[in-house]
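Engineer: Residues in the sequence shown are numbered consecutively from 5, following the numbering used here. The C-beta atom is built at its ideal place from N, Cα and C for all residues, glycine as well. All of these numbers come straight from a predicted model, not from anything done at the bench.
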Amino acid sequence: MKDDFLSQEEVDALLKKNQAINGDESADDSENQPKEVEEKGLNESDKDVIGEVGNISMSTAGNT
């Protein structure tokens, strides 16, 4: 069953071949990297609202 899988070297070779066919040899790896997004945390009010929604949901689930 192990013969059904490609080795990492085979995967790399296929990717390089695909890049050569598509003319993407000059494309740098930074284009394929996810863009960094500034993460903004929740403020205390948002956390309280989410907590209350959870409490209401659990209360409703317990009473039905």
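1) Ends of the alpha helix (DSSP H) at residue 66?
2) Grab me the residues of residue 46's own chain with a C-beta within less than 8 Å of its C-beta, minus the 5 sequence neighbours each way, in chain order.
3) Which residues bound the alpha helix (DSSP H) around residue 18?
4) Report yes or no: is there a C-beta of chain C within less than 7 Å of the C-beta of residue 59?
Structural biologist: Concretely, from the data shown:
1) 48 to 67
2) 54
3) 12 to 26
4) Judged by its chain identifiers, the structure shown contains no chain C, having just a single protein chain.
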